[in-house]
Amino acid sequence: MTLDFFIQNFINAMQWGSFLALIAVGYTLVYGVLLLINFAHGDIFMVGAYTGYFIGTFLTNNFEIKLPFDLPSWVVIPLTIVATMFITALVGVAIERIAYRPLRNRGAHRLYLVITALMFGLLLEYGNLALLGASDRQFPNLFDKIIYSIGGITVTNIKIYVILLSFLIMGILWWIVQKTRWGMAMRAISYDRLAVPLMGISVDQIILFTFVLGSSMAALAGIMYGTAFPILRFNMGMLVGWQAFIAAVVGGIGSIRGAMVGGYILGFTQIFVAAFLPSTYRDLIAFVVLLLILAIKPTGLFGVPRRTKV
Amino acid sequence: MKRFGMPTLIGISFLFCIVPSWLGWFSNYIQFIITLIGINIILTVSLNLINGYMGEFSVGHAAFMGVGAYTSSLLTVYLLTENPFFGKAILPEELSILIFPISLLIGGVAAALFSLLIAIPSFRTRGDYLAIVTLAVNFIFKSAIENIDAIGGPRGFMGMGKVVKAMDNLVSFPWLIFWTFLVVVFSIFIIRNFVNSTMGKSIVAIRDDEIASELMTVNTRWLKIVAFMLSCGLAGVAGGLHAHTVTFINPSSYFILQSTYILVMVYLGGMGSLSGSVISAIVFTILLELLRPLDVWRWVATPLLLIILMLFRPTGIMGSRELLDVFPKLKKYFSSLQERLTNAFIKS
Amino acid sequence: MPLLKVDKLTHYFGGLRSVDNFNLELSENELVGLIGPNGAGKSTVFNLVCGLYRPTEGSITFNGNNLIGRYPHQITSLGIGRTFQNIRLWNELSVIDNLRIAHFSQIDYKLLDSLFFTGRLVRDEQKVTQEAMDLLDKFNLVPYVKELPRNLPYGIQRRVEICRALVMNPSLLLLDEPAAGMNQGEIGELINLVRWVKDEFKVTVWIIEHQMRVIMNICERIQVLDFGSIIAEGTPKEIRDNPLVIKAYLGEEVT
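Chain order of the listed sequences is A, B and C.
Numbering follows the working numbering, in which position 284 of the first sequence is assigned residue number 284; successive positions increment by one, without gaps.
Quick note, the working numbering runs 1000 ahead of the 1-based positions in the second sequence.
Quick note, the working numbering runs 2000 ahead of the 1-based positions in the third sequence.
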């Protein structure tokens, strides 16, 4: 294995890991607060990618309805990102309001919530298929792709942006959860659900905030995914989302640091397996490795075992 | 009075399912649906053991079903038919009637052994650990089969139609419905016996309070593994039936979507209710067929209907009750051994 | 030979030493109390004996069997019954089922019997039900047989739990704060119940309790635990007058 080859795959793995990490964070946030495996989250990512597609196509004047003028790309990019995050967050919050909260308030068993989440995932996925058809969509070019070649390594500017932006966003998220009042309330809920309302914090608001955070992260991942691999398909949420979920678990579900690390571990495993073996072995080996990690450390890398008092 | 209980019920359903199919009153399509309902009943009832009674969360039932499907169809196709995968048949066609049930059984055993591999590390800790592992099992199964080119890989495997045909040529009889029916009765019989015995009911105690169970001498680890293997073994048998019913299988048939459907049927029926499972398997299968004209929108309508149902009935159709609790008069005929014993003591 | 011998038992929760060099010998048909302030490590001692936690150091021998490294269900099957601070009956199962399931280690039939409804299953279930009903009868609990525990009054739940702990024919019964949450009348009943259980079932009772009235009334011997180690040991009278105990309970200022 040459060094060039290694660095090339390293960069690819960083990019792929970034997507997984950003989506995994959404799983982990909701799990930490609600103890709910939000199986719809992968499809929120899909919604993010498609929303980004529509907004991006519209703003770059490639849509059926045209703007009377062309927008410069320094307007288009931030506008696309912000609008997409906003709309996707609305979808996430809507699911919580329509389905999860009523069920929670009626004291339904936790697993019924999980099933409802699964159903919402299917609803989004096949809703997309039914509305937009099975044909793939081409994500618009929000900016020009530049390819840098250094020795045997090729790096696109997109990869660099994706990696840097993910790190920036995860840093901000880390700060929100660790330092702000809302973040502290989120962590408090995951420790003690009953005490939090006693402290004058509205649990419903914190849950809403959690869904906003998680969904907008997924939206961002969706846009970046669309920019990096410009083909969108209705079942992308399932294919990428489930893997991100597993990544969250390997990191220790409920732990944000764990979700990030888990995302990169899964990304690295998959890319490097694909680099050496036929790519059909990618999932097989990646998931076996993950199971091995879990067999050795059942709570995940950064998870804390819950001790019940006897 | 007791002798009018279970045997009568089984006899009546036998009359209504198999005899009309035999006499040719049911079209092939209806026979296909009846078989599918039976298979779904087996899958739902068996998964209910883990997700309902035991309160764990397995999302990989389709993978175990797939292990059974591939094992049994490989066996029958390899032994009985000339096919592009293995060449000439090894045994004469006439043996198909015998080989088919044996292959189902072997499929079930294979699935149970595969589940043991999963169960040993999974039940060390509680919580959603099993959910995660079984989710990964879906991917592993699909990916593993896709990488075995000798059995068709992602393109799938076929030839089971010939086996079914061979059985029919020999003795004209709805063999698939017959075996499905037998397995349905068998599954319900053993799971009902299990959860109504002191040994089996302990899994409900585990769901309720695992630490208390362990301290009250229940061997929780062993019991969980046994229940899991039992459940997955039945799923394997159902997989064998499924493979021979649809006659063409590929790894995607036993992926997350299929697992999700089984889950939905379990929770639709109610956690820990066998009659609920049976009802929901019937309702769900028929619903999917009725919605067929909707084409793609069927896959939108189904989850939507289920979400609405969950909102209005957040414990499923039956909750944890059985039909007997809804119709107490029937208790005279169908009550479990434990109930009878308890009642006998209270009266004396 | 003592029934239970705990020797130099030490246990750490992370860096915190929760039990420190705990020693005890229990002989047959004794009634021994374990008291101490909240967080002194009393329940931890019980959990160590039952195998829920693994001791860092020390040995536990019960009836000649070494208990270290065994699963909890193996340990309790040897004949150790226990109740819990916060009642832990199976609330989704009826009272009779609670008792039947505690028979788990005593059922003779195999898995296949339970799946295929053999004669052996029927015989055994009959035996189990018979035993459970007899036990419930002794505790005057027969009227509640089909109730779910969560629907029963608190005092009755306590009684059911003690009854369930006797299913495995224990020679040692661990009671973890049985009087918690009881009023004075119920405590009086409990005192009689514990005495009766000890004589009727020939068990050694080891009891954790905060209610001094219970401890002083029934215990033949008392150990006092503070910060994980024993600070005093003796008869109720000796403990009552021990200045160290008073200090541990009431703080430094009292003279």
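By construction, the Cβ of each residue, glycine as well, lies at the ideal position given by its N, Cα and C atoms.
What you are looking at is a predicted structure, and each value in this text was computed from that prediction instead of being measured.
Worksheet item: Would DSSP call H2073 (chain C) helix, strand or coil?
Response: helix
Discussion item. Suppose you measure from the CA of Y1053 (chain B) to the CA of K1347 (chain B); what does that come to, to the nearest Å?
Written reply: 29 Å
Worksheet item: Can you tell me whether I169 (chain A) is buried or exposed, with buried defined as 16 or more other CB within 10 angstroms of its CB?
Response: buried
Discussion item. To test your reading of the DSSP string, which unbroken alpha helix (DSSP H) runs of 4 or more residues are found completely within the region 1179-1258 of chain B?
Written reply: 1198-1208, 1210-1215, 1220-1246
Worksheet item: How big is the Cα-Cα spacing for R1003 (chain B) and K1331 (chain B)?
Response: Reliability fails at R1003 (chain B), whose pLDDT of 49 lies under 50, so the model's placement of it is uncertain and no value is given.
Fill in: As assigned by DSSP and simplified to three states, the class of R193 (chain A)
coil
Worksheet item: Is the shortest distance between the beta-carbon of V1246 (chain B) and the beta-carbons of chain A less than 8 Å?
Response: no
Item to complete: Going by DSSP, name the residue or residues bridged to G2033 (chain C).
Response: C:I2207, C:I2222
Worksheet entry | Neighbour list for H2210 (chain C) in chain B, Cβ cutoff strictly below 9 Å | Per Cβ cutoff of 9 Å: no residues; H2210 (chain C) is ~22 Å from chain B at best.
Item to complete: State yes or no: is the beta carbon of T269 (chain A) nearer than 8 Å to at least one beta carbon in chain B?
Response: no
Discussion item. Can you check which of these residues, B:F1100, B:D1149, B:T1044, is closest to L1166 (chain B) by C-alpha distance?
Written reply: Rather than Leu, the amino acid found at residue 1166 (chain B) in this sequence is Ala. Closest by alpha carbon: B:F1100.
Worksheet item: If you measure from the beta carbon of V1183 (chain B) to each beta carbon in chain C, is any gap under 8 Å?
Response: no
Worksheet item: To which residues does DSSP link E2233 (chain C) through a beta bridge?
Response: C:Q2223
Fill in: Length-filtered (4 minimum) alpha helix (DSSP H) runs lying within the region 14-62 of chain A
41-59
Worksheet item: Is F1249 (chain B) close to chain C, meaning its C-beta is less than 8 Å from at least one C-beta of that chain?
Response: Residue identity check: residue 1249 (chain B) is Ile in the sequence provided, not Phe. So, not an interface residue.
Practice prompt. Go ahead and pull the three-state DSSP assignment for I2087 (chain C).
Written response: coil
Discussion item. Tell me which residue opens and which closes the beta strand (DSSP E) that G2058 (chain C) is part of.
Written reply: 2057-2062
Worksheet item: Of all the options B:W1022, B:T1260, B:A1144, B:D1128, which has the alpha carbon lying nearest to the alpha carbon of F1044 (chain B)?
Response: It should be pointed out that residue 1044 (chain B) corresponds to Thr in this sequence rather than to Phe. Of the candidates B:W1022, B:T1260, B:A1144, B:D1128, the one whose C-alpha sits nearest the C-alpha of T1044 (chain B) is B:T1260.
Worksheet item: When the Cα atoms are used, what is the spatial distance from L2026 (chain C) to L2099 (chain C)?
Response: 27 Å
Item to complete: State buried or exposed for I146 (chain A), treating a residue as buried only when at least 16 other CB atoms are found within 10 Å of its CB.
Response: exposed
Practice prompt. Could you give the DSSP three-state label for M1065 (chain B): helix, strand or coil?
Written response: helix
Worksheet item: In the structure shown, what three-state DSSP assignment does R1155 (chain B) receive?
Response: helix
Worksheet item: Between which two residues does the beta strand (DSSP E) containing D2176 (chain C) stretch?
Response: 2172-2176
Discussion item. Short of 7 Å in beta carbon distance, which residues of its chain neighbour N312 (chain A), apart from the five on each side in sequence? Order them along the chain.
Written reply: Limits of chain A in this structure are 1 at one end and 310 at the other, which puts residue 312 (chain A) out of reach.
Practice prompt. Report the three-state DSSP secondary structure of Y1053 (chain B) (helix, strand or coil).
Written response: helix
Practice prompt. Please check if any C-beta of chain B sits within less than 8 Å of the C-beta of R106 (chain A).
Written response: yes
Fill in: Classification of T2 (chain A) by the beta-carbon crowding that lies within 10 angstroms, buried from 16 upward
exposed
Worksheet item: Name the chain B residues whose beta carbon is nearer than 7 Å to that of A2102 (chain C)?
Response: M1216, T1217
Worksheet item: Residues of chain C with a CB under 8 Å from the CB of A1212 (chain B): which are they?
Response: F2084, R2088, L2089, W2090
Worksheet entry | Inter-residue Cα distance where the pair is E2177 (chain C) and A1136 (chain B) | 44 Å
Worksheet item: So, are the CB atoms of Q1338 (chain B) and E2092 (chain C) less than 8 Å apart?
Response: no
Item to complete: Measure from the alpha carbon of G2079 (chain C) to the alpha carbon of each residue in C:V2049, C:I2246, C:D2097, then state which is nearest.
Response: C:V2049
Worksheet item: What are the residues of the region 1226-1237 of chain B that lie near chain C, defined by any Cβ-Cβ distance shorter than 9 Å?
Response: V1226, L1230
Worksheet item: Going along chain B in order, which residues have a C-beta closer than 9 Å to the C-beta of E2200 (chain C)?
Response: Per Cβ cutoff of 9 Å: no residues; E2200 (chain C) is ~20 Å from chain B at best.
Worksheet item: With L1341 (chain B) and F1334 (chain B) assumed to form a contact (beta carbons below 8 Å), what rounded beta-carbon distance in angstroms separates them?
Response: Between F1334 (chain B) and L1341 (chain B) the Cβ distance is about 15 Å, and since that is not below 8 Å, they are no contact.
Worksheet item: In three-state DSSP terms, what is G2081 (chain C)?
Response: strand
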